[in-house]
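For the sequence shown, our numbering assigns the number 152 to the initial residue and increments by one for each residue that follows. A quick write-up on the structure given underneath.
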Amino acid sequence: MKLLVLLFIGSLLAGAWLVTWPESVPHNPKSEIRIPQSSNPVELGAVHWLRDLDAGTAEAERTGKPMLILFQEVPGCSNCTRYGSVTLSHPLIVEAIESHFVPVCIYNNKGGKDAEALKKFNEQAWNNPVVRIVGKDYSALSPRIFDFRSSAVLVTGMLQAMRARGLEAPAYLELLEEELLAREATLETTTFSMYCFWSGEKTFGAIPGVIETAPGFQDGREVVRVVYNPAKVTKAELEKQTQPNGITACTKNEGFRNDREPKYYLAQSPWKYVPMTSLQACRANSLVGNGKSPESVLSPRQLELYQTIQANPKRKWKNAIGAADMVEAWAATEVK
Numbered sequence: 152m153k154l155l156v157l158l159f160i161g162s163l164l165a166g167a168w169l170v171t172w173p174e175s176v177p178h179n180p181k182s183e184i185r186i187p188q189s190s191n192p193v194e195l196g197a198v199h200w201l202r203d204l205d206a207g208t209a210e211a212e213r214t215g216k217p218m219l220i221l222f223q224e225v226p227g228c229s230n231c232t233r234y235g236s237v238t239l240s241h242p243l244i245v246e247a248i249e250s251h252f253v254p255v256c257i258y259n260n261k262g263g264k265d266a267e268a269l270k271k272f273n274e275q276a277w278n279n280p281v282v283r284i285v286g287k288d289y290s291a292l293s294p295r296i297f298d299f300r301s302s303a304v305l306v307t308g309m310l311q312a313m314r315a316r317g318l319e320a321p322a323y324l325e326l327l328e329e330e331l332l333a334r335e336a337t338l339e340t341t342t343f344s345m346y347c348f349w350s351g352e353k354t355f356g357a358i359p360g361v362i363e364t365a366p367g368f369q370d371g372r373e374v375v376r377v378v379y380n381p382a383k384v385t386k387a388e389l390e391k392q393t394q395p396n397g398i399t400a401c402t403k404n405e406g407f408r409n410d411r412e413p414k415y416y417l418a419q420s421p422w423k424y425v426p427m428t429s430l431q432a433c434r435a436n437s438l439v440g441n442g443k444s445p446e447s448v449l450s451p452r453q454l455e456l457y458q459t460i461q462a463n464p465k466r467k468w469k470n471a472i473g474a475a476d477m478v479e480a481w482a483a484t485e486v487k
């Protein structure tokens, strides 16, 4: 039976690719994926920063973009290095900063122009990381960001600044905010059974509030383990939405065993080589499973990477589905 389902689904996917998918994703001239590798100290992450407030102000005047100013201790303590290696190295955060803002870094443990900039913004020397997002006149576009333990607050601040300027927020950044906020709060996990976990994962991946899905086996049945934000969707609501598809909640979550091929629909396409967050992968898998392109949930640099993958089919690209570290997965795609 599974073989018949596989053949049927395969024919549907092939038809969907031929009918609805373009040969390549349209080029976005505002983003360049092959930017030079950063030689930053670890405290600054992977963002390409300007190191002078006057230069940043001039660039903000020229481009009309807000400034995103990082006040950072370099070399710094473990709080500073963690902020650089985690928050400021996340590929989607780096892309958002470099694409929508003028990145300026001020060292909070140096003299000269750095000390002058600290005084202008009344920031402390030798402090933990702080971010301010301001206009060219230094007026605040979002609250001062000082929670160095949270990546979500930086993403939220960027979105607030964009909306304050009347700019449309990128869908990929809104999805990232949703996932980061959910992971920093309390997530719940429930296992559901169905006749086919491929279609089950496709169904759950499209439901708002679902953050992560995994197909597998439990008590001899095909199941999908669903990780969700209870503030957005409850177990009862998940049951109600999926019951018409023959999906039922398991009485327990113990004994789950992962299937060897998660995100089945995504895994049958070149999109599997594009590093994504868990939430992006959920949405993308559902879109592909329904014969649609996942462009709407991806960033310009992710789409440009897909173009590069299409143009270089003989290169040994690495399957990025389920990658534990998106920073490492993205680094693995870089041309050496």
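We treat Cβ as the ideally placed atom computed from N, Cα and C, and that holds for glycine.
Beta-carbon within less than 6 Å of residue i's beta-carbon, same chain only, minus the 5 sequence neighbours each way: which residues are those?
i	result
residue 253	207, 210, 211, 216, 218
residue 168	Bear in mind that a pLDDT of 35 at residue 168, under 50, signals an unreliable position, so the model cannot answer this.
residue 187	Low confidence applies here, because residue 187 scores a pLDDT of 48, under 50, leaving its location unreliable; read the following figure in that light. Nothing listed; no residue qualifies.
residue 198	239, 245, 248, 254
residue 230	279, 299
Closest to residue i by C-alpha separation, out of the options, would be which residue?
i	options	result
residue 344	232, 369, 429, 279	369
residue 325	232, 472, 247	247
residue 295	221, 319, 270	221
residue 265	224, 304, 293	224
residue 340	404, 351, 447	404
residue 449	201, 214, 323	323
residue 275	319, 286, 297, 473	297
residue 447	432, 195, 349	432
residue 470	463, 484, 459, 462	484
residue 380	373, 374, 372, 389	389
residue 232	192, 270, 263	192
Which residue marks the beginning of the beta strand (DSSP E) containing residue i, and which one marks its end?
i	result
residue 220	218-223
residue 343	339-344
residue 458	Unbroken run through residue 458 is the alpha helix (DSSP H), 451-462; no beta strand (DSSP E).
Checking the sheet assignment: what are the DSSP bridge partners for residue i?
i	result
residue 284	219
residue 231	Answer is none; residue 231 lacks a bridge partner.
residue 374	344, 367
residue 400	343
residue 409	367
residue 323	Note: residue 323 sits in no beta bridge, so no partner.
residue 201	255
residue 361	379
What does a CB cutoff of less than 7 Å around residue i pick up in its chain, not counting 5 residues either side in sequence?
i	result
residue 383	359, 360
residue 492	The requested residue 492 does not occur in the structure, where the chain is confined to residues 152 to 487.
residue 477	241, 242, 426, 428
residue 307	328
What are the start and end residues of the alpha helix (DSSP H) that includes residue i?
i	result
residue 242	242-251
residue 448	No alpha helix (DSSP H) contains residue 448, which DSSP labels as neither H nor E.
residue 313	303-315
residue 415	415-418
residue 318	Unbroken run through residue 318: none, as it is neither H nor E.
residue 195	Element bounds for residue 195: n/a, residue is neither H nor E.
Closer than 8 Å by C-beta to residue i: which residues in its own chain qualify, once you throw out the five before and the five after it? Chain order, please.
i	result
residue 422	435, 439, 445, 457
Could you say if the region 327-339 and the region 408-425 meet the contact criterion of at least three C-beta pairs nearer than 8 Å? Contact fails: fewer than three Cβ-Cβ distances are below 8 Å.
Please determine if the region 451-463 and the region 436-443 are in contact, where contact requires at least 3 C-beta pairs separated by less than 8 Å. Counting C-beta pairs with one atom in each stretch, the region 451-463 and the region 436-443 have fewer than three that are closer than 8 Å, which means they do not touch.
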